[in-house]
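Colleague: Chains as they are written, first to last, in the working numbering: chain F, 1 to 414; chain C, 1 to 414.
Just so you know, even glycine gets a beta-carbon here, dropped at the ideal spot from N, CA and C.
Here it is, the structure, as structure tokens.
2 protein chains.
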Amino acid sequence: MIAEIIAVGSEMLTPYRQDTNSLAMTAELNKLGVTVAFKTILGDTFQHLVDATHIALSRADIVLFSGGLGPTEDDLTREAVAQALGVGMTRNEAVVEVLRQRFAKRGLAIQEINFKQGDVIDGAELLPNANGTAPGQWMATEYEGRQRYIALLPGPPKELTALFAEQVRPRLQQVVPPLHIAYRWLRMAVVAESEVDARTSPIYLSYPDVSTTILSTQGEIQLHFQCAKPTLEEAQERVNELLSRCEHEMLDHVFSADGESLEQVNLLMLGMRNLTLATAESCTGGLIAERLTNVPGSSRSYLGGAVVYADHLKTLLADVPKELIQEHGAVSEPVARALAEGIRARIGADIAIGVTGIAGPGGATLNKPVGRVYIALADGNTTEVRELNLNGDRERIRWFAAQHALVMLRQKLM
Amino acid sequence: MIAEIIAVGSEMLTPYRQDTNSLAMTAELNKLGVTVAFKTILGDTFQHLVDATHIALSRADIVLFSGGLGPTEDDLTREAVAQALGVGMTRNEAVVEVLRQRFAKRGLAIQEINFKQGDVIDGAELLPNANGTAPGQWMATEYEGRQRYIALLPGPPKELTALFAEQVRPRLQQVVPPLHIAYRWLRMAVVAESEVDARTSPIYLSYPDVSTTILSTQGEIQLHFQCAKPTLEEAQERVNELLSRCEHEMLDHVFSADGESLEQVNLLMLGMRNLTLATAESCTGGLIAERLTNVPGSSRSYLGGAVVYADHLKTLLADVPKELIQEHGAVSEPVARALAEGIRARIGADIAIGVTGIAGPGGATLNKPVGRVYIALADGNTTEVRELNLNGDRERIRWFAAQHALVMLRQKLM
């Protein structure tokens, strides 16, 4: 079956706001075996809404509306869907009574316009909304001789998500042919999308029954696998088999087959080995610390460290010899090494990361361009230093430097 | 005039990806006085594309396509638009030649399918793409007796943005009735949206010719003002007047009327007063440092600091007396104070921030719930400490703690 999602609200036609409700609904619909084929976003204009409803009902089995159920004059979804279907609306007195009580409780006078939230399209079922005033509506109907399912949902994500899960999904489950969906994903760091595609496409193309999606985000490539079968076991078997083969092929880059982030994987491995970590960051300015400490429970393994932005702090907080900075420059292999070794010794951590580099846009020298970063990893016995030459703007260079540092750490802990 | 944006690509119908090209295009269209009335998102299905083209041409003066111009079998925008218009396509040999040379340069064999990127819809103009292989197309045509303007643009944001600015906007400017648009915005930190609305709506409602949008992002409220007039002076005058009145009303919370971020404003003020800053962060784990150092040139005023996640680091790096932690606990007013004063003295900064708190989900005690955060600001003479009780998850608590710290700093520097 095919679905269309219609997001209603003029604010989503500005440069500042986007429809995001459709993403979570799409995930849920896909799990039922329903494909989202169209998304339409339009403003609070009655005739646009009526026309869009006709278009959606002519091309999709399931039409989900989000937004336009509130009490203001701009909230027109109910009226427009009724008009498109050529039916009337009936005011539900129980909804009106609840609204009256809500207003009375707060000592507010209720205005006539609020009652329109109780208008139910003839033939539709009311979906009670525990998180807000506007109930949703559900309807199974014929349109031009074809069976259609329609849901009207409120726009606020919290209300919509709950209503969808509790009221719409069970109703869809009864009308959508049963399918069992297995889904897993692989996460890889600092590798090119083209390389992942070149190495894995010969594998995943031989699984035409598994839908494989390759996604690239900042310094990370993800392979998403999804398969629908009459039984869950069959679906899982296919997804697991394909995932294993792709994981084996990309073993040098895969950091997670279960969804954990790169930070989580590192903290997990540190915890298992009972090791502690410290950081001394110059160009990343606390980004590595921030990413690690964003994981709940990170305090078990991550002790802390220094943000040594000014050169004298490299000496003051991480014991980098002043002469080393004078001789080689703050952005150099020896200074990165000294940062990692210095902060490790100072703090008494088992492992330490040191980072120094030029994030730009200023700061480049004749020998050292913007994007030159040195990352050091010290464990008390050996210190490994990597030189990077990164592209992009300041934010990208900082992010990729942190990403590379976390990959180095993971490789050490494997 | 009314525009519709059609984003083409099956990946945008998954739960993982969204159309974002439309946001920047909407901003540019609005500046020309064009309203975006519809956005349609659909996959790489030929008939869906043809139908959507018909629908768009029947309801919008300007139809902008993004995506579907590449060389693969999934790239069908050209073909679909030609089909909807009932015209053919002609292969442009100059484009084919450029493609040949590009492939030859990289020593790759070119395949026949690549040449379709040179197919130009009859009646359309080719828009050269300096950043990629797929050129755009522009067309002024009649559809059902009405004048329509069509642009086909490549999906990659960098290519689309450049093509839109350099090729599409000037063409639209010639056909759209001239309007001059003034636009400004106010940024406010750690204040409730409802408070901003209650205080400013009596003002902005008296400017019906200015479109005012109130937006809430993490710990920040924004007021956007836009006004279209026959002359730029008139539009600017209205926007400036309304902005000034709202700024005056919200003076206690406004940190920027020119778009700068809270970090930028603080660094600017530090720079103007020739002051240096240091940080000692426990629960924010480097987030304040990371946010400050993400601003180019921040090294002029921000020296660095310590991430004192483990308790012994509070003593080791920021000279917090061990006894103070034992007596009051690591999350306490005296420890926040000692962190700020300690790191300030240690590093020799003019001003220092100290943060300690419970970001959760674990770590709460009988007296100290998750969300309890102490922020201290020391300048050598006085140390101000604020106790916060924040709601939400770990990420939100950390972000709001950093946000409050930056607001405190700004208030001190005013």
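Are the stretch 152-161 of chain F and the stretch 181-194 of chain F in contact at 8 Å, needing three or more beta carbon pairs?
Modeller: No, the stretch 152-161 of chain F does not touch the stretch 181-194 of chain F.
Colleague: DSSP three-state label for F/L368, please.
Modeller: By 1-based counting over the first sequence, the position of residue 368 of chain F is 368. One point to set straight first is that residue 368 of chain F is Lys, not Leu, in the sequence displayed. Note: F/K368 maps to coil in three-state DSSP.
Colleague: Pick out whichever of C/H404, C/Q264 and C/G360 has its Cα sitting closest to the Cα of C/A376.
Modeller: What you label residue 376 of chain C is simply residue 376 of the second sequence in a count that begins at 1. Ranking the options by Cα distance to C/A376, first place goes to C/H404.
Colleague: Once DSSP output is grouped into helix, strand and coil, what is the label at F/Y183?
Modeller: Position 183 of the first sequence, counting from 1, holds the residue named residue 183 of chain F. In the structure shown, F/Y183 sits in a strand (DSSP, three-state: E or B).
Colleague: Give me the chain F residues within the contact set of C/R394, using Cβ-Cβ distance strictly less than 9 Å, ordered along the chain.
Modeller: In the second sequence, counting from the first residue as 1, residue 394 of chain C sits at position 394. Result: N294, V295 and P296.
Colleague: Is the shortest distance between the beta-carbon of F/I375 and the beta-carbons of chain C less than 9 Å?
Modeller: In the first sequence, residue 375 of chain F corresponds to position 375, counting from 1. So no, F/I375 is outside the interface.
Colleague: Under the three-state reduction of DSSP, which class applies to F/E327: helix, strand or coil?
Modeller: Locating residue 327 of chain F in the first sequence gives position 327, where the first residue counts as 1. It is helical.
Colleague: Taking 9 Å as the threshold (beta carbon to beta carbon), is F/Y302 in contact with chain C?
Modeller: The residue given as residue 302 of chain F occupies position 302 in the first sequence. Yes, F/Y302 counts as interfacial toward chain C.
Colleague: Counting only runs of 4+ residues fully inside the stretch 276-353 of chain C, write out the alpha helix (DSSP H) ranges in chain order.
Modeller: You should have 287-293, 311-318, 322-328 and 333-347.
Colleague: Quick check: the stretch 93-109 of chain C against the stretch 118-137 of chain C, are at least 3 beta-carbon pairs closer than 8 Å?
Modeller: Contact between the stretch 118-137 of chain C and the stretch 93-109 of chain C is present, because at least three Cβ pairs lie under 8 Å.
Colleague: To which residues of the same chain is C/G88 closer than 7 Å at the C-beta, ignoring the five residues directly before and after it?
Modeller: Counting from one through the second sequence, the residue named residue 88 of chain C turns up at place 88. Here the set comprises A82 and D122.
Colleague: With DSSP as the reference, please indicate the residues paired to C/M139 in a beta bridge.
Modeller: One-based indexing of the second sequence puts residue 139 of chain C at position 139. Bridge partners of C/M139: C/I150.
Colleague: Quick one: is F/A52 near chain C, going by C-beta distance under 9 Å?
Modeller: Within the first sequence, the letter at position 52 stands for residue 52 of chain F. Interface residue, yes.
Colleague: Of all the CB atoms in chain F, is at least one closer than 9 Å to the CB of C/C227?
Modeller: Translated into the one-based positions of the second sequence, residue 227 of chain C becomes position 227. C/C227 does not count as touching chain F.
Colleague: Per the contact definition of three or more C-beta pairs closer than 8 Å, is the stretch 237-257 of chain F in contact with the stretch 156-173 of chain F?
Modeller: The answer is no - the stretch 237-257 of chain F does not touch the stretch 156-173 of chain F, with fewer than three Cβ pairs under 8 Å.
Colleague: So what does C/Q226 bridge to, in DSSP terms?
Modeller: Counting from one through the second sequence, the residue named residue 226 of chain C turns up at place 226. DSSP lists C/Y183 and C/S211 as partners of C/Q226.
Colleague: I'd like to know if F/T315 contacts chain C, where contact means its C-beta is closer than 9 Å to some C-beta of that chain.
Modeller: Indexing the first sequence from 1 puts residue 315 of chain F at position 315. So, not an interface residue.
Colleague: Considering just the uninterrupted stretch of the alpha helix (DSSP H) at C/V98, what are its terminal residues?
Modeller: For the purposes of this step, residue 98 of chain C is taken as the residue at position 98 of the second sequence. First-last of the alpha helix (DSSP H) with C/V98: E93 to K105.
Colleague: I need the DSSP call for C/V168, collapsed to helix, strand or coil.
Modeller: Within the second sequence, numbered from 1, the residue matching residue 168 of chain C stands at position 168. Correct three-state label for C/V168: helix.
Colleague: Could you spell out where the alpha helix (DSSP H) holding C/R398 opens and where it closes?
Modeller: Residue numbering aside, residue 398 of chain C sits at position 398 when the second sequence is read from its first letter. Unbroken alpha helix (DSSP H) run through C/R398: R394 to L413.
Colleague: Taking just the CA atoms, how far does F/L223 sit from F/P170?
Modeller: Counting from one through the first sequence, the residue named residue 170 of chain F turns up at place 170. Counting from one through the first sequence, the residue named residue 223 of chain F turns up at place 223. Those two C-alpha atoms are separated by around 30 Å.
Colleague: Compute the beta-carbon to beta-carbon distance between C/G354 and C/I343, rounded to the nearest angstrom, for a pair I have assumed lies under 8 Å.
Modeller: On the second sequence, residue 354 of chain C is found 354 positions in, with the first residue counted as 1. On the second sequence, residue 343 of chain C is found 343 positions in, with the first residue counted as 1. Right, the Cβ-Cβ distance comes to about 7 Å (below 8 Å), so this counts as a contact.
Colleague: What residue range does the beta strand (DSSP E) around F/V39 cover?
Modeller: Your numbering for residue 39 of chain F matches position 39 in the first sequence. Checking the sequence shown, residue 39 of chain F turns out to be Lys, not Val. Counting along the chain, the beta strand (DSSP E) containing F/K39 begins and ends at T35 to L42.
Colleague: Quick check on the DSSP output: the alpha helix (DSSP H) that includes F/V265 runs from which residue to which?
Modeller: If you number the first sequence from 1, residue 265 of chain F lands on position 265. Unbroken alpha helix (DSSP H) run through F/V265: L262 to M272.
Colleague: Is any beta-carbon of chain F found at less than 9 Å from that of C/T427?
Modeller: The structure shown does not extend to residue 427 of chain C, since chain C spans only 1 to 414, so no value can be given for it.
Colleague: So F/A280 and F/L339 are supposed to be a Cβ contact under 8 Å. How far apart are they, rounded?
Modeller: Looking up residue 280 of chain F in the first sequence gives position 280. Looking up residue 339 of chain F in the first sequence gives position 339. Right, their Cβ atoms sit about 4 Å apart.
Colleague: Does DSSP put C/Y374 in a helix, in a strand, or in coil?
Modeller: If you number the second sequence from 1, residue 374 of chain C lands on position 374. C/Y374: strand per DSSP, three-state reduction.
Colleague: Are the CB atoms of F/L85 and F/T53 within a distance shorter than 9 Å?
Modeller: Indexing the first sequence from 1 puts residue 53 of chain F at position 53. Indexing the first sequence from 1 puts residue 85 of chain F at position 85. Against a cut-off of 9 Å, the Cβ pair of F/L85 and F/T53 comes out as a contact.
Colleague: With DSSP as the reference, identify every bridge partner of C/S66, one or two as the case may be.
Modeller: Reading the second sequence from its first residue, position 66 is the one you call residue 66 of chain C. Bridge partners of C/S66: C/A7 and C/L153.
Colleague: Could you give the residue range of the alpha helix (DSSP H) that holds F/V196?
Modeller: As a position in the first sequence, residue 196 of chain F is number 196, starting the count at 1. E193 to Y204 is the span of the alpha helix (DSSP H), which, as asked, contains F/V196.
Colleague: Pull the bridge partners of F/G357 from the DSSP assignment, please.
Modeller: In the first sequence, residue 357 of chain F corresponds to position 357, counting from 1. For F/G357, which the question treats as bridged, DSSP gives the partners F/V373.
Colleague: Which residues bound the beta strand (DSSP E) around C/E384?
Modeller: The residue labelled residue 384 of chain C in the question sits at position 384 within the second sequence. T383 to N389 is the span of the beta strand (DSSP E), which, as asked, contains C/E384.
Colleague: Count the other CB atoms within 10 Å of the CB of F/N30; is the residue buried (16 or more) or exposed (fewer)?
Modeller: What you label residue 30 of chain F is simply residue 30 of the first sequence in a count that begins at 1. That one is buried.
Colleague: Starting from the C-beta of F/A151, find all residues in its chain whose C-beta is less than 6 Å away, skip the five residues before and the five after it, and write them out in chain order.
Modeller: Residue 151 of chain F sits at position 151 when you count from the first residue of the first sequence. Closer than 6 Å at the Cβ level, and outside the excluded window around F/A151, lie L64, W138 and V168.
Colleague: Where does C/L406 land, buried or exposed, given buried means 16+ other C-beta within 10 angstroms?
Modeller: Residue numbering aside, residue 406 of chain C sits at position 406 when the second sequence is read from its first letter. The residue in question, C/L406, is buried, as its Cβ has 16 or more Cβ neighbours within 10 Å.
Colleague: Under DSSP, the beta strand (DSSP E) around F/L127 begins and ends at which residues?
Modeller: In the first sequence, residue 127 of chain F corresponds to position 127, counting from 1. Per DSSP, F/L127 belongs to the beta strand (DSSP E) from E125 to L127.
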